[in-house]
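Numbered per mature numbering (1 follows the signal peptide of the UniProt record, and there is no 0), the sequence shown spans residues -25 to -1, 1 to 183.
Built from N, CA and C at the ideal position, the CB exists for glycine as well.
Since the model is a prediction, treat every value here as computed from it, not as a measurement.
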Amino acid sequence: MRKYVKILLVLIVGCLILPASLAQAYQNPQTLSHEWATYGSGDPYILKFKGDYYLYVSTKDSETGIKAWSSPDLVNWTYAGLVATDPVTKGAYAPEVIYWNGYFYMYTSPGGNGHYVLRSESPTGPFTVQTPNKGLSIDGHVFIDDDGQWYFYRAEHGQMVAHPMSDPYSFGAGSNTGASISGGWTEGATVIKRNGKYYMTQLSHLEK
C-alpha cells in the first residue's frame, strides 16, 4: 500500500512542477481577432521566418486588402493589419508568401481570376504589386527546390499544373502533373520534399 501511495505522491508532485506552458489547455476551433465578418479565415497560409509565424488568409469577395496575423507559437495570434491594400487585392484568394534574398513575395488570385505577384521587405507589409495579372487560374503555390529552382503550381479544370520559374515573376510553360480528381474541382496544391522524394497535397470535392 505504501508503495502505491509513494507513486501517487510522485505523480502529484510531477504535475505541480510542470512548466506553465505545458499546463495550458488549448481547444479548437479558434476564432482570430479581426477575421472577415461572415467569412472567417479561408485558405490559410503560414510562413515561418526567424522563429515567428505569419498567417495570411483569403479576402472576402466584397472587400479589398489582405489580412495577416503573427504568432510566436502557432497558438497565440496577434493581428498585424492589412499587409496589402492595392485595389487588385479585392477578393484576393489564397495569398501565399515566400522569402527569398531579402524580399517577401506574395502570390494571390483575386476572385480566382489569374494571379498577381506582390513584394515587401517585411512579412507584415506593405506588399506592393509587381506584375500585371499573370493569368493561370487559381490558388497558386510556389515551391523552391534544393538547387534553387522555382516552380509554380496552380489549379486548372480539375487538375494541377506545374510551371518552372526563371525568377519570382516569370512562369514558364505549364505541364499537367497528373494530380486530378474526376468529377469534382481540385485546387490548393502544396508540394514538400523529404528524403529526395516530392509529395503533393491538394483540396478536392467529389459529388456523392
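Look up residue i in the DSSP assignment and say whether it is helix, strand or coil.
| i | result |
| --- | --- |
| P139 | strand |
| G64 | The question names Gly, but residue 64 in the sequence shown is Thr. Correct three-state label for T64: helix. |
| Q177 | strand |
| Q134 | strand |
| P36 | Note that residue 36 is Asp in the sequence shown, not Pro. Residue state, collapsed to three classes: coil. |
| W11 | strand |
| S155 | strand |
| P4 | coil |
Pull up the distance between the alpha-carbon of residue i and that of residue j, whole angstroms please.
| i | j | result |
| --- | --- | --- |
| residue 194 | V166 | Outside the modelled stretch of the chain, which goes from -25 to 183, sits residue 194, for which no answer is possible. |
| residue 187 | Y74 | Limits of the chain in this structure are -25 at one end and 183 at the other, which puts residue 187 out of reach. |
| T34 | A67 | 5 Å |
| I(-9) | L111 | Since pLDDT at I(-9) reaches only 45, below the 50 mark, its modelled position is unreliable, and the value read off the structure follows with that caveat. Going from the Cα of I(-9) to the Cα of L111 covers about 55 Å. |
| G77 | F118 | 17 Å |
| F146 | S16 | 28 Å |
| A59 | V104 | 9 Å |
| A55 | G149 | 35 Å |
| Y29 | K42 | 10 Å |
Taking a contact to mean a Cβ-Cβ separation below 9 Å, would you say residue i touches residue j in this structure?
| i | j | result |
| --- | --- | --- |
| Y126 | M140 | yes |
| T152 | G115 | no |
| Y31 | Y20 | yes |
| E71 | I113 | no |
Considering residue i, what are the terminal residues of the beta strand (DSSP E) in which it resides?
| i | result |
| --- | --- |
| L49 | Looking at the DSSP string, L49 is not in any beta strand (DSSP E), and its letter there is neither H nor E. |
| A22 | Per the sequence presented here, residue 22 reads as Leu, with Ala not at that position. It spans 20 to 24 - the beta strand (DSSP E) in which L22 sits, taken as one unbroken run. |
Next on the checklist: I'd like the ranges of any beta strand (DSSP E) spanning at least 3 consecutive residues and lying wholly in the stretch 81 to 124.
Outcome noted: For the stretch 81 to 124, the full-length beta strand (DSSP E) segments reaching 3 residues or more read 91 to 95, 113 to 119 along the chain.
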